[in-house]
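Counting from 499, one number per residue, gives the positions in the sequence shown under our numbering. Just so it is clear, CB atoms sit at the ideal spot from N, CA and C, and this is done for glycine as well.
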Amino acid sequence: MKYLENISPSVAAISSGWSSGNVGVVAFDNFVIAIDTTNSPERGRIFREEIDSHFNLDVKYTFLTHHHSDHASGLNAFSDTTIISTKQTAKKIRSLTRINTYPSVVFDSEYTISNETDYAELHHTGGHTSDSSYLHFPKERVIFSGDLIFEGYLFFAGYQSNPNKWIAALERFKELNPNIIVPGHGPTLNGVKPLDKHISLLNLLTSTSACGKREKRP
Ligand SMILES: [Zn+2]
Numbered sequence: 499m500k501y502l503e504n505i506s507p508s509v510a511a512i513s514s515g516w517s518s519g520n521v522g523v524v525a526f527d528n529f530v531i532a533i534d535t536t537n538s539p540e541r542g543r544i545f546r547e548e549i550d551s552h553f554n555l556d557v558k559y560t561f562l563t564h565h566h567s568d569h570a571s572g573l574n575a576f577s578d579t580t581i582i583s584t585k586q587t588a589k590k591i592r593s594l595t596r597i598n599t600y601p602s603v604v605f606d607s608e609y610t611i612s613n614e615t616d617y618a619e620l621h622h623t624g625g626h627t628s629d630s631s632y633l634h635f636p637k638e639r640v641i642f643s644g645d646l647i648f649e650g651y652l653f654f655a656g657y658q659s660n661p662n663k664w665i666a667a668l669e670r671f672k673e674l675n676p677n678i679i680v681p682g683h684g685p686t687l688n689g690v691k692p693l694d695k696h697i698s699l700l701n702l703l704t705s706t707s708a709c710g711k712r713e714k715r716p
């Protein structure tokens, strides 16, 4: 069984739900970047094997979009790579019990991975969680949004979520005008039009007392 599928010439992803959180790969000409690591050490190993056979290039970097276990639990299979995350993610994943390898490169707001011909930008936005971040690969107009998007599922928003930052991140995606967005869960999105329903839902929630505001009690 092969799970990893190309979504553009240099980008592949698993968005079938096999790994719970979606995972993906961006290939430069002399190395690849893994994005998230699946929800278990076993699936992390399978994901790694698939990357190696699909691209036949070194996995030089692994980027974690945020600290949730359904995205970070396969990290051990990427211990030989340079693991990159926000400072917050690097701290928060210390509480995960199934990993024993951690980010060695951390950033506050943004970071660029590049070689002579290509680059990918990592941006910290907050929103779904305070450490939520995304990867943008301008050359093929692809965004890996992490859990800033749950496509076809009701999103998860816990006490760390910030609806205003979340909306701002999705508005930024619209400005970047990607061809394809790989969400944290669910199938890939084509173009920016599908973002409108996500933004509308978040706007609806922020306009009610259920999210972020407390009603004054008499
Ligand atoms: Zn999450």
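Given that a residue counts as buried once 16 or more other Cβ atoms are within 10 Å of its Cβ, and exposed if not, what is residue 693?
Buried, since its Cβ has 16 or more Cβ neighbours within 10 Å.
Look at the Cβ atom of residue 551, then the Cβ atom of residue 586, and state whether they are nearer than 9 Å.
no
DSSP state of residue 616, grouped into three classes?
coil
Could you check whether the Cβ of residue 644 sits closer than 8 Å to any heavy atom belonging to ligand 1?
Yes.
Going by CA-CA distance only, name the one from 662, 598 and 605 that's closest to residue 578.
598
Going by alpha carbons, who is nearest to residue 721 out of 652, 607, 626 and 539?
The structure shown does not extend to residue 721, since the chain spans only 499 to 716, so no value can be given for it.
Which parts of the region 610 to 664 are runs of the beta strand (DSSP E), unbroken and 3 residues or longer, counting only runs that do not cross its ends?
617 to 622, 631 to 635 and 640 to 648
Nearest-angstrom Cα distance between residue 651 and residue 515?
11 Å
If we count Cβ pairs, one from each stretch, closer than 8 Å, do we get three or more for the region 547 to 562 versus the region 665 to 676?
no
Ignore the nearest five residues each way along the sequence and tell me which others in residue 670's own chain have a CB closer than 6 Å to its CB.
Cβ within range, chain order: n/a, list empty.
Buried or exposed: residue 681, going by 16 or more other Cβ atoms within 10 Å of its Cβ?
By the neighbour-count rule (16 or more Cβ atoms within 10 Å), residue 681 is buried.
Which residue's Cα is closest to the Cα of residue 603: 533, 660, 540 and 582?
582
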